Each structure stands twice: as C-alpha cells, then as structure tokens.
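K.L.:
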DNA sequence: TGAAGTCCTTGACCCAGATCAATTGCGGGA
DNA sequence: TCCCGCAATTGATCTGGGTCAAGGACTTCA
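Protein chains in written order, with the numbering used here: chain C, 5 to 254; chain D, 5 to 254.
#1: Can you tell me where the alpha helix (DSSP H) with residue 162 of chain D in it begins and where it stops?
#2: Among the candidates C:124, C:141, C:168 and C:236, whose CA atom is the shortest distance from the CA of residue 130 of chain D?
#3: Taking only runs that begin and end inside the segment 190-250 of chain C, name each unbroken alpha helix (DSSP H) of 4 or more residues, in chain order.
#4: Looking only at its own chain, which residues have a Cβ that is under 7 angstroms from the Cβ of residue 103 of chain D, when we skip the five neighbours before and after it?
#5: According to DSSP, is residue 24 of chain D helix, strand or coil?
#6: Measure the C-alpha to C-alpha separation of residue 25 of chain C and residue 72 of chain C and round it to an integer number of angstroms.
#7: Return the chain-ordered ranges of every beta strand (DSSP E) run that is complete within the segment 79-159 of chain D and spans a minimum of 3 residues.
#8: Which of the three DSSP states is assigned to residue 32 of chain C in this structure?
#9: At a Cβ cut of 7 angstroms, what residues of the segment 142-158 of chain C count as close to chain D, listed as they run along the chain?
#10: Three-state secondary structure (DSSP) at residue 38 of chain D?
#11: Between the segment 42-56 of chain D and the segment 100-114 of chain D, do three or more beta carbon pairs fall short of 8 angstroms?
#12: Taking DSSP as the reference, what is the three-state secondary structure of residue 43 of chain D?
#13: Using the DSSP secondary-structure output, state which residues sit across from residue 62 of chain D in a beta bridge.
#14: From the DSSP secondary-structure annotation, give me the bridge partner or partners of residue 69 of chain C.
#15: When you compare only the Cα positions, how much space is there between residue 212 of chain D and residue 23 of chain C?
#16: Pull the bridge partners of residue 74 of chain C from the DSSP assignment, please.
#17: Does the contact criterion of 3 or more C-beta pairs under 8 angstroms hold for the segment 74-83 of chain D versus the segment 36-45 of chain D?
#18: Cβ closer than 8 angstroms: which chain C residues qualify as neighbours of residue 3 of chain D?
#19: For residue 45 of chain D and residue 100 of chain D, I'd like the C-alpha separation in whole angstroms.
#20: Between the Cα of residue 160 of chain D and those of D:241, D:132 and D:120, spot the shortest distance and give me the residue it belongs to.
#21: I'd like to know whether the C-beta of residue 106 of chain C is nearer than 8 angstroms to at least one C-beta of chain D.
#22: Tell whether a beta-carbon distance below 8 angstroms holds between residue 209 of chain C and residue 223 of chain C.
#23: Can you give me the Cβ contacts of residue 7 of chain D inside the same chain, cut-off strictly under 8 angstroms, excluding the 5 residues immediately before and after it?
#24: Just to confirm my understanding: we take residue 114 of chain D, look at its own chain, exclude 5 residues before and 5 after, and list those with CB closer than 6 angstroms. What are they?
#25: Since residue 163 of chain C contacts residue 214 of chain C with CB under 8 angstroms, what's their CB separation in whole angstroms?
#26: Could you tell me which chain D residues have their CB closer than 7 angstroms to the CB of residue 128 of chain C, listed as they occur along the chain?
#27: For residue 245 of chain D and chain C, any beta-carbon pair shorter than 8 angstroms?
#28: Report the residues of the segment 86-97 of chain D with a CB closer than 9 angstroms to any CB of chain C, ordered along the chain.
#29: So, is residue 204 of chain C buried or exposed, given that buried needs 16 or more other C-beta atoms within 10 angstroms?
#30: Run the CB neighbour count on residue 43 of chain C, radius 10 Å, all protein chains shown included, and call it buried at 16 or more, exposed below.
#31: How about residue 214 of chain C: is its C-beta nearer than 8 angstroms to some C-beta of chain D?
#32: Is the segment 91-98 of chain C close to the segment 148-157 of chain C, with three or more CB pairs under 8 angstroms?
#33: Less than 8 angstroms between CB atoms is the rule here; does residue 84 of chain C satisfy it with respect to chain D?
#34: Please return the same chain residues whose Cβ sits closer than 7 angstroms to the Cβ of residue 206 of chain D, not counting the five positions on each side in sequence.
#35: Taking just the CA atoms, how far does residue 32 of chain C sit from residue 138 of chain C?
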C-alpha cells in the first residue's frame with residue numbers, strides 16, 4: 005500500500021501563482037479550463053525517501069510534480085533495480101486509463117505533487133483538447149529522453165555514463181535557473197551515488213570510482229560530495245561521447 | 005539524404021481493406037475522418053536493408069508501417085549503435101511538429117508504409133481528436149515498452165536479454181497470428197544476430213553464443229537459423245528473469 | 001563527546017562479456 | 001556443379017566493471 009502523503013493546504017497555491025503553470029500538463033489551458041481543473045485538484049507532499057506508490061498498487065489519481073524530485077523504478081524479483089524515469093518539477097505521473105501503478109514512485113527529495121482524481125481527469129481530457137495535446141507533447145518528449153537513455157545504457161562505458169548523467173542534470177539545471185548563461189556551470193546533484201547507479205545500470209562503487217576519475221582529470225570540480233562545477237561543458241560532452249555541437253547541423 | 009522508396013500504386017489499398025485499420029493511428033477514425041486522411045495519404049515501399057531516412061534529415065511526412073519490419077537506431081560518432089525502436093505493422097513513424105528525423109529508420113524486411121504529408125496531418129490532428137487520442141495512447145504504450153527495455157539493457161545478463169527478446173517477439177507474434185492459443189509457440193526471427201545485438205546492447209558473438217546455449221538447454225528449438233519454437237513459454241519467461249505470471253495480481 | 005547511522009571512497013580480486021580470429025553453413029548465380 | 005558472399009558459429013584471450021571488504025567523512029541524537 006502506498007504511504008499516505010500529507011494533504012497540503014488546498015488554499016496554499018492558486019494555479020495563477022503555480023511555479024509549473026506554463027510547463028505542466030495544464031500549460032495550454034485557458035482560464036475557464038484551469039478553473040475546472042482547480043475544482044478537482046489537491047496537493048500532497050512527501051518527504052525525501054518516502055515511497056509515493058508501489059508498482060501494482062491501485063492508483064486513483066494522476067499528478068504533476070510541483071517541486072522536488074521523484075524517481076520511477078522497476079525491480080526484478082531478486083532485487084535488481086533499474087530507474088526508468090526521473091521526475092522533475094512539471095513532470096506528469098500516472099497514465100490516464102490505467103488503474104494500477106506500473107512502477108515504484110519514490111520521492112528523492114521532499115516533494116509536492118498536484119494531484120487530480122483519475123476519473124474526473126479522464127473525463128476532462130476528452131472534453132479539453134488542450135490537456136490531451138499538452139500531454140501528448142510531454143509524452144513524446146519523455147519517449148525521446150527514454151531513447152537517449154537507452155543508448156547510454158546499452159552502449160556507453162561507465163565513464164561516459166557518468167559524464168552523460170552530469171551533462172543531463174547540468175543542462176536541465178542551467179535551463180531552469182540561469183537561462184542560457186555562458187561559462188562554468190555549478191549545480192547540486194539531486195541523487196545519491198546509489199540512485200545514480202540505478203539510473204545508469206552500474207554499481208554504486210563504479211559510480212564513485214568514475215566520479216573520482218572525472219574529478220582527478222579536471223572534467224569536474226567537487227565541493228563536498230554533491231556540489232558539482234563543470235569548468236568546460238564541451239569537455240564534459242566529449243567525455244559523454246556526445247557530439248559536442250549536438251544537432252547543430254543546418 | 006533518404007533513399008527514395010518506391011511510390012506504390014495509391015489505388016492498391018482502400019482504408020476499409022487495410023490490414024492495420026484497427027490498430028494504427030487511424031484506428032478510432034469515423035468514416036468521414038478516414039476519407040479526409042485518405043486524401044492526404046500515399047504508400048511507399050522499401051526493400052530489406054534500405055534506409056528509409058537518416059537521423060538529421062528533413063522529414064516532411066509521418067507514416068504508419070503497413071507491413072514488414074523497420075528499426076529505429078541511434079549511432080555514436082565512433083560507430084557504436086543502439087536500436088531504440090522496433091517498428092512493427094501499425095506502428096507510427098515520425099513526430100508531429102518535428103521537421104527532422106531524430107533517428108535512423110531502416111527497413112529490416114521489405115516494408116510498405118502509409119505516409120501522410122506532415123503539415124496536412126498536423127492540421128488534421130488539431131481538428132480530429134480521434135487521431136490525437138489514438139496517437140497519445142500509442143505513444144504511452146511505446147513509452148512503457150521503452151521502460152521495459154531499459155530494465156533489460158541496464159540490469160539483465162546476456163542470457164536473460166536473449167530470453168527477453170525472444171519472449172517479446174514470440175508474444176507479439178502470438179497476439180498477431182493465433183490469438184491466445186496454448187501450447188508450443190513457433191515463429192520466425194525477423195532480426196539478424198547483429199540486429200539482435202544492437203537491440204540488446206551486446207555483440208553479435210555473445211548473441212550467437214547465448215542463442216546456442218538456450219538451444220542446448222532445451223529452452224528453445226531451432227530449425228535453421230531463424231525459425232524458433234518455444235516448447236514452454238513459462239520456462240522462457242523464467243530465463244528472461246520476468247515474473248512468469250506477469251502482472252496477474254488481481 | 002561519543003555512539004550509531006548514512007553515504008561515500010578505495011583496494012584486491014574475479015568473471016561475464018568483449019575482442020580477435022578462424023571456420024562453417026547456406027542460398028543464389030553462372 | 002562449383003564458387004562466391006554473407007550470416008552465423010565457435011574458440012582463445014583480454015578487460016571493464018562487478019563483487020567483496022575495509023575504512024573514512026558527516027550528521028544526528030543522547
């Protein structure tokens with residue numbers, strides 16, 4: 005059974021003030037559509053480490069991550085686990101039309117989710133093309149990310165995997181905080197070494213070793229264990245095995 | 005530049021007789037919607053081995069696979085390749101709103117595709133919720149498949165990977181040809197050893213060895229190199245590391 | 001001020017799968 | 001029928017990353 009999240013004060017947040025208003029599944033909604041969504045929404049918060057829902061559990065809601073980070077993981081009977089999704093603010097959880105969770109959802113940091121009861125949401129989706137359109141777009145983006153990730157899992161070396169993950173997190177962070185600034189990039193790793201290992205299909209020891217190696221080689225600078233500075237993003241992208249001028253052709 | 009596929013005779017196939025009519029992106033369309041789709045569609049065929057489109061190329065159409073099998077692959081500068089999609093009849097190629105291909109698309113067998121010019125298709129999608137709904141559903145299915153695949157790539161052994169792939173192909177084939185029959189299952193592998201390796205993040209030598217091992221251990225029976233019989237599906241699923249009663253809870 | 005818990009690092013060793021290198025088998029064309 | 005070319009198999013060897021094990025660095029709590 006899913007650990008119950010705290011039901012946050014519903015009045016704490018109006019859609020108009022919502023930090024993910026323009027990137028979440030509701031991004032394209034008109035004011036009247038937003039009002040209708042508002043009527044079926046409620047907030048829940050979870051603490052770092054809490055499991056939001058277990059794979060196979062009944063799931064009577066869908067949700068957007070408002071703040072914090074969560075992970076989607078799959079586990080085999082013998083305990084091997086693979087992360088299959090990293091949920092950042094504005095990302096969507098759950099699948100319309102599916103009543104049971106297909107993956108474990110775990111809060112990596114403290115998180116707040118904006119939940120919608122599933123049935124009303126599904127009904128609303130039929131009548132509100134703006135929601136379905138946005139959800140399609142987001143799902144296509146996730147599919148692209150999953151395919152990029154498949155290349156990482158299937159063909160990259162441990163060092164390239166770590167560099168790829170750092171590049172993904174760094175880029176995402178840069179986009180969020182300091183829109184398109186040049187120069188050295190600094191950010192906090194939102195994942196433990198173990199979570200990084202689950203993301204990359206490695207062991208935590210290998211993650212630790214490769215992070216140390218990238219540090220030793222000057223590709224990254226560490227303050228403590230979590231704060232990362234990338235002096236030269238192109239160098240990092242080279243290490244990741246990515247085309248450093250990714251997709252710049254034409 | 006993409007190799008030009010033969011433009012097949014447009015009158016060869018009416019939507020009403022189309023083998024993928026009820027599973028493709030047009031599955032939910034009403035007769036009048038189908039008529040409008042019919043007006044912007046054309047068929048193209050490609051021979052086994054032909055590249056349908058190269059990653060980065062301009063792509064002015066989207067399409068459904070009518071018959072045959074194609075693959076989606078990503079390639080690194082040094083030549084390492086990873087398959088990121090296996091396109092079977094009824095699967096959709098291309099992304100509305102994207103003008104350039106993100107992956108190489110290669111015909112593995114002779115294929116026929118039902119193409120729609122991208123712009124008219126996009127316009128139609130806005131006005132025809134049935135198409136967008138179906139595309140969302142198909143994209144969510146693909147995302148689920150990609151996540152399953154991520155577990156395979158990240159955490160399974162070579163033997164488990166091969167067993168997983170055989171199970172996926174076998175199940176798909178069973179669903180297609182002999183709806184839900186019991187007993188031994190026989191099908192043709194639509195992939196070379198090399199393509200299987202690209203799918204699973206292995207070398208072709210390892211694929212060959214593990215196929216031989218599964219044959220030696222009686223998990224599968226081979227006639228020639230491509231025809232596979234699975235005497236006991238549960239045994240194969242065990243070898244794949246999957247819960248043999250997958251998702252049967254409640 | 002210490003004890004316990006988490007997370008992380010580092011070392012030593014090992015093995016699954018990669019790499020390199022022959023062969024084998026088979027379908028098609030002259 | 002023989003030969004060519006491609007797909008596949010199989011063997012020998014190597015190695016990247018897993019496994020096992022021993023600390024180290026912080027944080028929290030008493």
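Just so you know, even glycine gets a beta-carbon here, dropped at the ideal spot from N, CA and C.
From a predicted model like this one, the values you see are computed outputs, not experimental measurements.
P.N.:
Quick look at the numbers:
#1: For residue 162 of chain D, the enclosing alpha helix (DSSP H) has its first and last residue at 162-181.
#2: Ranked by Cα distance from residue 130 of chain D, the options C:124, C:141, C:168 and C:236 are led by C:141.
#3: Whole alpha helix (DSSP H) segments, 4+ residues: 197-204, 208-220 and 237-243.
#4: If we look at residue 103 of chain D and ignore the five residues flanking it on each side, its Cβ neighbours are 62 and 63.
#5: Here residue 24 of chain D sits in coil by DSSP.
#6: Approximately 15 angstroms, taken between the alpha carbons.
#7: Taking only runs of at least 3 residues, the beta strand (DSSP E) segments lying wholly in the segment 79-159 of chain D are 85-91, 108-111 and 115-121.
#8: Residue 32 of chain C sits in coil when the DSSP states are folded into three classes, being neither helix nor strand.
#9: Residues are counted here when their Cβ sits less than 7 angstroms from a Cβ of chain D; for the segment 142-158 of chain C these are 143, 144, 146, 147, 148, 150, 151, 153, 154, 155, 157 and 158, given in chain order.
#10: Here residue 38 of chain D sits in helix by DSSP.
#11: Contact between the segment 42-56 of chain D and the segment 100-114 of chain D is present, because at least three Cβ pairs lie under 8 angstroms.
#12: Looking at residue 43 of chain D - three-state DSSP - the assignment turns out to be helix.
#13: BP columns for residue 62 of chain D point to D:104.
#14: Beta-bridge analysis with DSSP links residue 69 of chain C to C:117.
#15: Approximately 52 angstroms, taken between the alpha carbons.
#16: For residue 74 of chain C, which the question treats as bridged, DSSP gives the partners C:91 and C:111.
#17: Contact between the segment 74-83 of chain D and the segment 36-45 of chain D is absent, with fewer than three C-beta pairs closer than 8 angstroms.
#18: Because chain D is modelled from 5 through 254, residue 3 of chain D falls outside the range shown and cannot be assessed.
#19: Spanning the two alpha carbons is a distance of roughly 15 angstroms.
#20: It is D:241 whose Cα lies nearest to the Cα of residue 160 of chain D.
#21: Under the Cβ criterion of 8 angstroms, residue 106 of chain C is counted among the residues facing chain D.
#22: Going by C-beta atoms, residue 209 of chain C is not nearer than 8 angstroms to residue 223 of chain C.
#23: The pLDDT assigned to residue 7 of chain D is 45, lower than 50, so where the model puts this residue is not dependable, and the model offers no usable value.
#24: Answer for residue 114 of chain D: 51, 52 and 72, listed in chain order.
#25: Contact check for residue 163 of chain C and residue 214 of chain C: beta-carbon distance about 5 angstroms, within the 8 angstroms limit, so the pair qualifies.
#26: Ordered by position in chain D, no residue passes the 7 angstroms Cβ test against residue 128 of chain C, which lies about 13 angstroms from the chain.
#27: Yes, its Cβ sits closer than 8 angstroms to a Cβ of chain C.
#28: Cβ contacts with chain C come from 86, 87, 88 and 89.
#29: Under this definition residue 204 of chain C is a buried residue.
#30: Residue 43 of chain C is classed as exposed because its beta carbon has fewer than 16 other beta carbons within 10 Å across all chains shown.
#31: So no, residue 214 of chain C is outside the interface.
#32: The segment 91-98 of chain C is not in contact with the segment 148-157 of chain C.
#33: Chain D, which has a Cβ nearer than 8 angstroms to the Cβ of residue 84 of chain C, makes this yes.
#34: Hits under 7 angstroms: 162 and 165.
#35: Whole-angstrom Cα-Cα distance: 7 angstroms.
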